[in-house]
Structure formats: C-alpha cells, structure tokens
Amino acid sequence: MENMMMKLKKLTVALTITLMSTTILSSLNLAVAAPSARELMEAVNARDDGNNGLMEMEMILIDKKGKQRIRKLKKMSQDRGDDSYSLLFFLSPSDVKDTGFLTYDYDQSGKDDDQWLYLPALKKTKRIANDDKSGSFMGSDFNYSDMSDPDLDDYNFTLMKETKVHGNEVWQIKSVPKSKEIIEETGYRQSVVFVRKDNFVVVRAVRWMESKGKLRYLDLKKLEQIDGVWTPLETTMTTKEGKRTLHKTVIRYSKVRYNQELDESLFTVRRLEKGAN
Amino acid sequence: MDRSGVERAFISYTGGLIRWKWFALVVVFVLTALLLTNLPKITIDTSNEGFLRADDPILLDYNRFREQFGREEVVLIAMRPQNIFAPEFVETLKKFHSELEEQVPHLDEVTSLVNVRYTVGNESELLVEDLMEAFPNTPEGYAELRRVTLSHPFYKNLLISEDGKVTTLVIETKAFSTPEVEDPLSTGFDDMVEGGFDDDIEQSSSESEELTFLTDAENGEVVDAVMELVEEYRSEEFPLEVAGSPLVMEILKKSMQNDMRKFTLSMVGIIVIFLFITFRRGSGVFIPLVVVILSLLSTIALMAATGVPLKLTTQILPSFIMAVGIGDSVHILSIFYRRFDQNGDKMEAIQYAVGHSGLAVVMTSLTTAAGLFSFSTAELGAVAELGMFGGAGAIFAMLFSVILLPILLAILPLKQRSLGEKASSVEQESKGVIDKLLNGAAHLSSNHPIPIVFGALLLFLVALFGISQIQFKHDVMTWFPEDEPIRVATENVDRDMRGTISVEVLIDSGKADGLYNPTVIGNLAKLQDSLDSLGSGDAKLVSGKRSSVVDILRETNQALNENRVEEYRVPTERKLLAQEMLLFENTGSDDLEKMVDSELRTARLTLRLPWRDAGAYTELVGELQQRSEAAFVNSVDSSVDSSDADSSVTISITGLMMIFARTLDAMMSSMLESYTIAAVVISIMMILLVGSVRLGLISMIPNLLPITIVLGVMGIFGLPLDAFTMLIGSIALGLAVDDTVHFMHNFMRYYKDSGSSSEAIVHTMHTAGRAMVVTTIVLSLGFFIFMSSEMNNLLNFGGLTGLAIILSLFADILLAPALMTLIFRKKLNLKV
Chain D
402 MENMMMKLKK LTVALTITLM STTILSSLNL AVAAPSAREL MEAVNARDDG NNGLMEMEMI
462 LIDKKGKQRI RKLKKMSQDR GDDSYSLLFF LSPSDVKDTG FLTYDYDQSG KDDDQWLYLP
522 ALKKTKRIAN DDKSGSFMGS DFNYSDMSDP DLDDYNFTLM KETKVHGNEV WQIKSVPKSK
582 EIIEETGYRQ SVVFVRKDNF VVVRAVRWME SKGKLRYLDL KKLEQIDGVW TPLETTMTTK
642 EGKRTLHKTV IRYSKVRYNQ ELDESLFTVR RLEKGAN
Chain R
124 MDRSGVERAF ISYTGGLIRW KWFALVVVFV LTALLLTNLP KITIDTSNEG FLRADDPILL
184 DYNRFREQFG REEVVLIAMR PQNIFAPEFV ETLKKFHSEL EEQVPHLDEV TSLVNVRYTV
244 GNESELLVED LMEAFPNTPE GYAELRRVTL SHPFYKNLLI SEDGKVTTLV IETKAFSTPE
304 VEDPLSTGFD DMVEGGFDDD IEQSSSESEE LTFLTDAENG EVVDAVMELV EEYRSEEFPL
364 EVAGSPLVME ILKKSMQNDM RKFTLSMVGI IVIFLFITFR RGSGVFIPLV VVILSLLSTI
424 ALMAATGVPL KLTTQILPSF IMAVGIGDSV HILSIFYRRF DQNGDKMEAI QYAVGHSGLA
484 VVMTSLTTAA GLFSFSTAEL GAVAELGMFG GAGAIFAMLF SVILLPILLA ILPLKQRSLG
544 EKASSVEQES KGVIDKLLNG AAHLSSNHPI PIVFGALLLF LVALFGISQI QFKHDVMTWF
604 PEDEPIRVAT ENVDRDMRGT ISVEVLIDSG KADGLYNPTV IGNLAKLQDS LDSLGSGDAK
664 LVSGKRSSVV DILRETNQAL NENRVEEYRV PTERKLLAQE MLLFENTGSD DLEKMVDSEL
724 RTARLTLRLP WRDAGAYTEL VGELQQRSEA AFVNSVDSSV DSSDADSSVT ISITGLMMIF
784 ARTLDAMMSS MLESYTIAAV VISIMMILLV GSVRLGLISM IPNLLPITIV LGVMGIFGLP
844 LDAFTMLIGS IALGLAVDDT VHFMHNFMRY YKDSGSSSEA IVHTMHTAGR AMVVTTIVLS
904 LGFFIFMSSE MNNLLNFGGL TGLAIILSLF ADILLAPALM TLIFRKKLNL KV
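Chains as they are written, first to last, in my numbering: chain D, 402 to 678; chain R, 124 to 955.
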C-alpha cells in the first residue's frame, strides 16, 4: 500500500514537471513563431522586387459608367543603394506618346521624391514638386503614396488575424498613421493590408481615404515569379463610396525582364528628353 | 335628376348601415388602420427640383448632370474682415476651414483661399499647390499672397470680390445619399460580385443600384453643422454671412414644419369652437373632429404609401382638408340634431338627415375634388400633387362623413334636447346676427335683383382689368420676409461676388477625347470670355464668373512658360493640349474631373448668375443656347484630324437656373389648362344636379365671379401669380361651389313645393343658409390663419383664398337668389 502511494506521488510529480515544461516550451515556441506586425511590414519592404527591370505596362482607367481609357507605357527601374529610380514612357494613346516620367524614390525618411515630366509637344522637362503624395498618379486610382514603400516609422501596425486570400495564407495587418500630417500627405486615414505568408507580397489592401466615406480596394489578380522575383502582373485599384464604384484602375505588366543592361545615365533628365527609345 | 329617388336611396342605405353598425365600424376601423400604417414613411422635400414632375425632361437633364459632375448647389460663406491678408484673419480662416472639413457630414469639398489651387512655374519646375501654403507667414509673404490673389483671374468673383474686401468659402456636398456600409472589410473581401473586390473588369458598371440624391434630412445635417460652426466663429472681427440654395432649402423646410404644426392646431381649435357654438353638444364636436382628422391622416398616409413627399405646396393640405371636411359633417349634423330634438327617434333622425343632405354632401365633395383634380395634370409636379391629394382628401372626407358619421351617431348614446332649451346668449346673438344677414339677403335678392346683377357685372369688368395686369412670378427668395438673414445674405453675395446661382452649359464634343481638339477648346475659351452678360437693357444680367477646363489649361500653359502673363491662354496644338491635361492630372489636383467627364468628351462651362425671379431667366435661356451653339459652328471644319470631321458639338443647358425657369414655364402653362378643365367639369356637375343645361350654366356665375374678382384684386394690387396663388382659383372654385350646390339643391326642392321663387329663397336661407354661413366662417378662418406665417407666399395665399371664400358666400346669398328671381319671375310655369 505504501509502495503504491510512493509510486503515485512520483508519477504525479513527473507528470506535473512534464506538463509544466511542455507548456513553457510550447509557449516559448509560440512567442518565437508569432512575428510582430512591424516586423512583418519590414519584411514586406525588404522583399526583393527586382533590379534593372524592363517591362511594358498597360493602365486601364474605368469610370463609373464602365467607359475605359487605355494607356500603354514602357517602364524601366533601377535600384541605387536603398533608393529606387524609375523611368516611364507613354507608348499610347498617340497624343501623349513619348511623354516621359522620371522618378527618384529616396529611402531616407523625410526626404521627398524627385519627379520630372517631359512633354514632347513642348520639348521641355519640368520638375513636378510633389511633397504631397496624396494626389492621384496620372489620373488613376493609385496615389503617389501607393507607388512607393511607406516609411514604417510613420505608422502603428497591428496584426489583426490570419486568413486566406485567393487560396493563399495571409497576415491581415492594420496600419494607422501616427499623425494628421501623414494622413494629409498620403491621402489615407488608415489601411488594412493582407500579406502573403510565403512571399511577403501585399496581395490585398483596403484603404480609407481622407475624404470620408470613400474607400480604395487594392487587389492583386496575378502574381508570378519571374527570374526569381515575385512580380504582380495584374493589379486593380477600385475607389468606392459605400457599395457604389466611383472609378477603377487596372494595371497590367507584360514582357517583364530583370537584370537587364540598364545604364545609369538612362535615369537622367537629359535621357528623358530623348524619348522612349 | 330624380331628387326624391336619390333621397330614398340614401335613406335605405343609412338604414342598412345602422342595422349593421358594429360590423361596419370594424370594417371601417380595419381599412383605415391599414392605410394609416403608412404614415411613418412620409418624407419632406423642399428642394427646388421638387417642384417639377419626376419625368420632366429638364429635371432628368439636371439629374444626369449631377450624376456626372456632382451636386451643383453649394453653401457660400462670405467673410468681410477689416483686412483679409493679415495674420489674424488668415489664421482664423485656416482653423475655420479645417473645422468645417472635420465636422460637416456628407462633404465633398471645402474650398477657400486656404486650399484653392495655385499653379505656378519657373524655368525648371511646375508647382500646383494650395494657395496659402505657397506663402510664408511673414509680412512679405502676406503682401505676396495679396498680390497673387487679387491678380489671378481664376480667383476673382469665385473666392475674392473684385474690390478685394470680401472672400468666400464654398462648401460642396455629396450629390448622393450614401447608406452606411457596415463592415467595409467584409463587403470588400467577398469574392462575389457585390464585394469590394470584383473578379471581372466589366463588373464595375453592372452594380446599377438605385441611387438616391442627398435626402432633405441629410441636407439638414449639413446645414446644421455649418451653422453651428458659423455661430461659433462669428464675431466682429470675423463677420460671416451664409448663402446658397441648400441653406434656402433647409430654412424653407423648417419654416414649413413650424407653420404646418401651427396651422393644423389652429384649425383644430377653430373647428372645435365653432362646432361647439353651433351644436352645443359633445358629440357635435367629437364626431366631426374624428371624421375630419381621419380624412387628413388618410390623405397623408396615401402620400406616404405612394412615396410622394410633403412639399411646399402640399403643406397647406392639413388645414385645407380639415376645412373642407367639416362642411359635410355640419350639414348632416345640423339636420340630424334638429330632427332628433323634434321626434326623439335617433335612428329615424339619422336616416332623415343623411337622406336629406346625402346628395348635397356627395355633390359638394365631388365638385371640390373635381376642382382640385383638375390640377393633377399640371405640368408643375408640386401643383399636380396638391391637386391629386387635395382631391383625395375631399373624397376621404365625403366617405367618412357618409359612412363613419352615421355609424358613430348610431352607436354613441345621445340625449334628446328639448327645443325650448335656453340657448346661450352668445349663441342667440350669433344666431340673431346670422338670421338678420340671411333675411336681409333674401329680401334684397327677391325684391331688387337687377341692381345686384348689375353690381356683379361691374365688379366683373373691374376684375377683368385687374387680371390684365397680373404677372407670373417664381422667386422663392421673395417668400422670405425682407429682413430674413438668408435673403439679405443672398443679396449681399450677389452684389459682392456677382452671383449666387449657376447655369451649366454642357459642351458635348461627340466622341471620346473630343476635348483634345484644339478648335473645340479654343471656341470654348472664346465663348467663356464672351458670356460676361446675358440680355440687354432692364433684362440684363451680369455674370461675374465663368469657369471651365479652359481655366486649368490657361494656368498650366502659363506655368509651363515661365509664368509669362501672355501665355495665360489655351494651347492651340492638339498634342500639347493632351499633354498639358496629362500634366495637370499628375499634379494631384482633382479639379479636372469636375470640369470634364472621364471620357474627355463633354466639357462643363459654369456661369454664375445673381438670384432673380425665374422670369428674368426664361428669356435668357434661349439666348444662351443660341450663343453657345454659334460658338462651335466651325469646330468640325477647321479640325486637322480627319476623324473629327464626322462629329459635331452639341450644347445642352442645365443647372439651377434652368430648374427655376422651367418651374415658371410649367406654372404658366398649367394654369390656363387646369382652370379650364375645372370650370368645364364643375359646370357639367352643376348641370346634372339641377337637371337643366341653362340653369346649370347660370349657376356657374356665382361660382366663377368670386375667383375672377380675387384675380382682379391681385392684378390691381400687384400681387404675383406664383405656385401658391395660382392654386387659389381651383381651391376657391371647389369650395365656393359647395355653397352654390347647397343653395341650388334646396332652392329647387322648395320651388318645386311652393312654386314661388321668393318663398323658396327664404326657405333655403333658413335651412341651408345657416350652415353655409357657418362653413364660410370656418373655411375662411382656416385660410386666414396662413396670414400668421412669416412667409409672404403663405400670407398672400391665405388672405386671397379667404377673401374668395367670403365673396362666394355673398355670391350665393345675393347673386344666386337674384338670378333665380329673374329667371323664375318671367316663367312661372317653368318645368323644374
């Protein structure tokens, strides 16, 4: 009888220790396994989006009545350290052919982008002063702030939950600007982004616009790996008010090639004035 | 018409009703309750476009315009500080502007000198930014701000007055009502069609759901929020005036709600008093009140059920229906009580009363309804609705009087009063006065008919002269008392900024990207510059501001050319035009989408005009259309691109000015048509009633004379014919006819019995006469109450309609008997 009691006691102690250590270990595991929202966004920004890229771009602007305006462009991009340079030329419609766009997107916090627009009809290049990124990019539903990486220090990030988009597992992250200035600068009061777990691509986003009642919905329809780089091939951005669609933009990329022989002098104002070739 | 046959029919009908009284009561109760459940759905619409019919082409154009370009009506806040370009004012303006952006709901945009676009360029750079951001808070900065603001052509008369002393802030609201989307995330993430993420490009246009324009309640929220902030900021240093049609709309609505409440309650009070004086019994007050209130509620419920909002015209319905409905009850009850007091048999008395007056009640209700229904075909929607539902109200009153009233009489315990019971001294005196009046009238009309008829003819001729002087007017602003702030503010802003309302010229180039055609744009620029005024002489209207995409192009072109002043012009080369627009699209300003449609096919040219009576606009519309079309005549020929050859520019004109002009037009064309229809329909009914064409037509004379006199009075005293006063004719006709019907109905019966017209007249005065006087007093008081409103339109309407009603009484106690005397004097053996 006493023997049994002793054995029972030992068993109990052993069980308790096992249980406790398992619990501790697994909670440690959890703590290690769950990244912070901020970390996730850092990974998104750090994602390799290709260098020395050359591609064709089709931008379709669709109004609330379904009427479409189609623009075709050629795009070149190059990383310079932490900054990224891009060059866009209009191929069509014919009235704006050869109009060129050069952008220097600086990584440094607080440093405004430089942008130049070349108008072939005037044969002049003008620098566009755009410290305000809340304006629309070429009349589309994308803001300038949508076209470049956000400065993470300007936001508070919260991991909302994990879910699925188009069959892929994603993190759902809320980002809220820290100050009113950021809202005015970017044009958005807050966003919810959906980041794919496997490749850190933002595949969906909902953005609350500064103008109350209006929302923008970003949706990546086609994502492919080209030369090892995850490239969004078709993206839509829809501006809605309630259930009503106000406007929609579709951007499609094709003939995407990376690591091309792109000379640095390509990304200069002088080159801009020479045209698409 | 077999009068006695009809009487017998009514008597047996009432007998049946009494036998089945409880069952009938339940049926009436259930049907009425079903109808009344619609009441909570009622809405109010005091908008300008609410005057027009929903399918009016001008309104449809206006709606299409609003769908594309947003709401055209804006709230304007005018500020007249000591010095605009000083730190104290600028700082306050910035705070005010920003608080407005934060707190006003349903907002599209707030524009002021703080954030209006400022385009400037130098050798290497193009800048489009908010005006005040471009200048530092230094004395030099303020001086530069001043210089730029005063010299920039775009800002003048838009945000700054020509003398630089007044600046305005413009508040644009959303055009559409946006229902709250509960969880945008979940609606967005639904991979089905209705979600925020649709899986098909073409889907975006297929969500054609019912769009409602901003509701009056939402407009009210906007106005309340704005006024709250205005009151907070208003001070001696920061003087503010608010104008704009959204504000007018809201003030009209609030005033309407107040007035309606006041009138309805006053009407109830008057009715209660008169019923009590006339009958001196609880049931005599209670029963008619029930009938009248149920009629009113049923009419409003019908409006709610059919989705018709209460409008500025239909606000008179409650008082009107009560006034109209009371007559039926009074006639039936006065006969009932007398009979009941005589013989004590309640059921027999009910049957007798209904039999005796049933036909008259039906006829008077039908004639009143006919008078109102004659307006339901009016081109002016708001008047048509009054016609429809006013008529419906009269029918409801008839039904309740003929069905519910006998039921209630049968069910309620009533005490017979002995005929000898002492009447109060007030009652005796009033009876005495009335009797004296009636006796006097009977005597006069029987013995001196010819002077009476001559007198009437004279009045008629004077009235005709007056009618020739009448003017049609539609100017909602004049409805307000002269010192009403909104009216003063509108006049001030009109004077300082040269206009508070707009007219929109839409230039449709005929194809997508048609606006890239430099000829079209060049013509638009010329047109814009040339439209600085419309009309000539007294009718001339100055337009202080015209704006279109031309302003954007001029600014951009100048900025691209080192800000040289001579480059403030539109480009003449197609590709440059297209590229400058692209450039502008990239600057972050969304002003372009307000000026052109997204296909770049249609351009919008806005002209600002001062607020005037609609009559000032109607002639100018034609001129505007003509000048605009002429400006684009050569757009096709001189284009370089051959593909332009087969498209031509079409012009359409819309905007608030068009709504006003159309309202006036519709009013004028409605009136003649409706009055004619009413006269014809009622004549036919009178003919049926008296059974003779000749007599029927003659009996229309005392019906038509009062209205003619009132219209003459309007002409002589310069009172305008507007959406309200034009209704007087049909309402007064419908009501006046009641007295004539009662007179003729009784006169015919008594003449048939006695063969003497003078005896018949006296007898009629003693029976129907008293009821006629009482109902006239009640009706006219019901309309005279409107004169207690602050609003001039209701004041005029109430006074004139009351006058018409009183004149009808005199027409029916003097002129009608006089006419009958003359007719029957000669032909003693006239078959009746």
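Even glycine gets a Cβ: it sits at the ideal position worked out from N, Cα and C.
> What's the gap between the Cα of Asp617(R) and the Cα of Met781(R)?
Replying inline: Residue numbering aside, residue 617(R) sits at position 494 when the second sequence is read from its first letter. Residue numbering aside, residue 781(R) sits at position 658 when the second sequence is read from its first letter. The straight-line gap from Cα to Cα measures roughly 18 angstroms.
> Can you tell which of His889(R), Gln226(R), Val149(R) has its C-alpha closest to the C-alpha of His566(R)?
Replying inline: If you number the second sequence from 1, residue 566(R) lands on position 443. It is His889(R) whose Cα lies nearest to the Cα of His566(R).
> For His571(R), does the three-state DSSP call read helix, strand or coil?
Replying inline: Here the question's residue 571(R) lines up with position 448 in the second sequence. His571(R) falls in the coil class under three-state DSSP.
> If you measure from the CB of Leu148(R), is any heavy atom of the ligand ZN nearer than 6 angstroms?
Replying inline: The model on display carries no ligand, and the ligand ZN is accordingly not part of it.
> What's the gap between the Cα of Met406(D) and the Cα of Val414(D)?
Replying inline: Taking the first residue of the first sequence as position 1, residue 406(D) is located at position 5. Taking the first residue of the first sequence as position 1, residue 414(D) is located at position 13. Approximately 12 angstroms between the Cα atoms of the pair.
> Relative to the C-alpha of Met943(R), which residue among Ser880(R), Asn915(R), Val525(R), Ile928(R) is closest?
Replying inline: Numbered from 1 along the second sequence, position 820 holds the residue referred to as residue 943(R). Closest by alpha carbon: Ser880(R).
>> Using the Cβ count rule (16 or more neighbours within 10 Å means buried), how would you classify Glu195(R)?
In response: As a first step, residue 195(R) is located in the second sequence; it is residue number 72 there, counting from the start. It counts as buried.
>> Pop quiz: Leu732(R) and Leu664(R) are said to be a contact at Cβ under 8 angstroms. What is the actual Cβ separation, rounded to whole angstroms?
In response: As a first step, residue 732(R) must be located in the second sequence, where it is residue number 609. As a first step, residue 664(R) must be located in the second sequence, where it is residue number 541. Contact annotation, Leu732(R) with Leu664(R): C-beta distance approximately 6 angstroms; criterion of less than 8 angstroms satisfied.
> Helix or strand or just coil, what does DSSP make of Asp322(R)?
Replying inline: Your numbering for residue 322(R) matches position 199 in the second sequence. Confidence at Asp322(R) is low in this model, with a pLDDT of 47, below 50, so its placement is unreliable and the value that follows should be read with caution. Correct three-state label for Asp322(R): coil.
> Per DSSP, what kind of secondary structure is Val150(R) in: helix, strand or coil?
Replying inline: Position 27 of the second sequence holds residue 150(R). Correct three-state label for Val150(R): helix.
> Does any CB atom of chain R fall closer than 7 angstroms to the CB of Met638(D)?
Replying inline: Here residue 638(D) corresponds to residue number 237 of the first sequence, with the count starting at 1. Closer than 7 angstroms: no.
>> What residue range does the alpha helix (DSSP H) around Lys649(R) cover?
In response: If you number the second sequence from 1, residue 649(R) lands on position 526. 641-653 is the extent of the alpha helix (DSSP H) around Lys649(R).
> Taking only runs of the alpha helix (DSSP H) that begin and end inside the region 420-491 of chain R, which ones reach a length of at least 4 residues, in chain order?
Replying inline: 440-466, all fully within the region 420-491 of chain R.
> Going by beta carbon distance, what residues of the same chain come within less than 8 angstroms of Val571(D), once the five residues before and after it are set aside?
Replying inline: Here residue 571(D) refers to the residue found at position 170 of the first sequence. Taking Val571(D) as the centre and dropping the five residues before and after it, the same chain places the C-beta of Glu563, Thr564, Lys565, Phe595, Val596, Arg597, Lys598, Val604, Arg605 closer than 8 angstroms to its C-beta, in chain order.
>> With DSSP as the reference, identify every bridge partner of Arg617(D), one or two as the case may be.
In response: Locating residue 617(D) in the first sequence gives position 216, where the first residue counts as 1. Assignment of beta-bridge partners to Arg617(D) by DSSP yields Arg608(D), Thr640(D).
> Which whole-angstrom value describes the C-beta separation of Phe783(R) and Ala737(R), a residue pair presumed to lie in contact below a C-beta threshold of 8 angstroms?
Replying inline: Start at 1 with the first residue of the second sequence, and residue 783(R) comes out as number 660. Start at 1 with the first residue of the second sequence, and residue 737(R) comes out as number 614. Confirmed, Cβ separation roughly 4 angstroms.
> For Thr679(R), which option in Ser712(R), Val197(R), Ser368(R) has the closest C-alpha, if you only look at C-alpha atoms?
Replying inline: Here residue 679(R) is taken as the residue at index 556 of the second sequence, counted from 1. It is Ser712(R).
> Where Val197(R) and Glu508(R) are concerned, what is the direct C-alpha to C-alpha distance, given to the nearest angstrom?
Replying inline: Numbered from 1 along the second sequence, position 74 holds the residue referred to as residue 197(R). Numbered from 1 along the second sequence, position 385 holds the residue referred to as residue 508(R). If I take the Cα positions, the gap works out to 28 angstroms.
> Tell me which same chain residues have a C-beta within less than 7 angstroms of the C-beta of Ser418(R), skipping the five on either side of it?
Replying inline: The count along the second sequence starts at 1 and reaches residue 418(R) at position 295. Only residues of its own chain outside the window of five on either side were considered, and among them Ile444, Gly448, Gly516, Phe519, Ala520, Phe523 have a CB closer than 7 angstroms to the CB of Ser418(R), listed in chain order.
> Mapping DSSP to helix, strand and coil, what is Gln509(D)?
Replying inline: In the first sequence, residue 509(D) corresponds to position 108, counting from 1. Gln509(D) falls in the coil class under three-state DSSP.
> At which residues does the alpha helix (DSSP H) containing Pro392(D) begin and terminate?
Replying inline: This structure cannot settle anything about residue 392(D), because the visible part of chain D is limited to 402 through 678.
> In angstroms, rounded to a whole number, what distance separates the CA positions of His868(R) and Leu657(R)?
Replying inline: To locate residue 868(R), count along the second sequence from 1; it is residue 745. To locate residue 657(R), count along the second sequence from 1; it is residue 534. Each residue's alpha carbon lies about 58 angstroms from the other.
>> Counting C-beta neighbours from all protein chains within 10 Å, is the total for Glu373(R) 16 or more, i.e. buried, or is it exposed?
In response: The residue given as residue 373(R) occupies position 250 in the second sequence. Classification of Glu373(R): buried, given that the 10 Å Cβ count is 16 or more.
> Beta-carbon separation of Pro694(R) and Glu703(R) under 7 angstroms?
Replying inline: Translated into positions along the second sequence, residue 694(R) becomes position 571. Translated into positions along the second sequence, residue 703(R) becomes position 580. It is a contact, given that the beta carbons lie within the stated cut-off.
> Leaving out the 5 sequence neighbours to the left and right, which residues in its chain are closer than 7 angstroms to Thr786(R) when beta-carbon positions are compared?
Replying inline: Reading the second sequence from its first residue, position 663 is the one you call residue 786(R). Correct list, in chain order: Phe174, Leu175, Leu503, His597, Ala737.
> First and last residue of the alpha helix (DSSP H) that includes Thr679(R)?
Replying inline: Here the question's residue 679(R) lines up with position 556 in the second sequence. Its alpha helix (DSSP H) spans residues 672-683.
> Got a sec: which bits of the region 621-642 of chain R sit with their beta carbon under 8 angstroms from any beta carbon on chain D, in order along the chain?
Replying inline: Ala635, Asp636, Tyr639
> Whose C-beta lies closer than 7 angstroms to the C-beta of Ile165(R) among residues of the same chain, with five residues either side of it excluded?
Replying inline: Translated into the one-based positions of the second sequence, residue 165(R) becomes position 42. So the list reads Ile423, Met426, Ala427, Leu433, once near-sequence residues are dropped.
>> Considering only the alpha carbon of each residue, which of Ala662(R), Glu607(R), Thr710(R) lies closest to Leu683(R)?
In response: Here residue 683(R) refers to the residue found at position 560 of the second sequence. Ranking the options by Cα distance to Leu683(R), first place goes to Thr710(R).
> For Gly173(R), which three-state DSSP category applies?
Replying inline: In the second sequence, residue 173(R) corresponds to position 50, counting from 1. Judged by DSSP in its simplified three-state form, Gly173(R) adopts helix.
>> By the DSSP assignment, the beta strand (DSSP E) with Ser300(R) in it spans what residues?
In response: Position 177 of the second sequence, counted from the start, is the residue given in the question as residue 300(R). First-last for Ser300(R): undefined, no H or E at that position.
>> Three Cβ pairs or more, each shorter than 8 angstroms: is that satisfied between the region 455-462 of chain R and the region 925-942 of chain R?
In response: no
> Does the beta-carbon of Trp145(R) have 16 or more other beta-carbons within 10 angstroms, so that it is buried, or is it exposed?
Replying inline: Reading the second sequence from its first residue, position 22 is the one you call residue 145(R). With fewer than 16 other Cβ atoms within 10 Å, it is exposed.
>> Once DSSP output is grouped into helix, strand and coil, what is the label at Lys475(D)?
In response: Counted from its first residue, the first sequence places residue 475(D) at position 74. In the structure shown, Lys475(D) sits in a strand (DSSP, three-state: E or B).
> Helix, strand or coil: how does DSSP classify Glu605(R) here?
Replying inline: Position 482 of the second sequence, counted from the start, is the residue given in the question as residue 605(R). In the structure shown, Glu605(R) sits in coil (DSSP, three-state: anything other than H, G, I, E or B).
> Secondary structure at Gln469(D), three-state DSSP: helix, strand or coil?
Replying inline: As a position in the first sequence, residue 469(D) is number 68, starting the count at 1. Reduced to three states, the DSSP call for Gln469(D) is strand.
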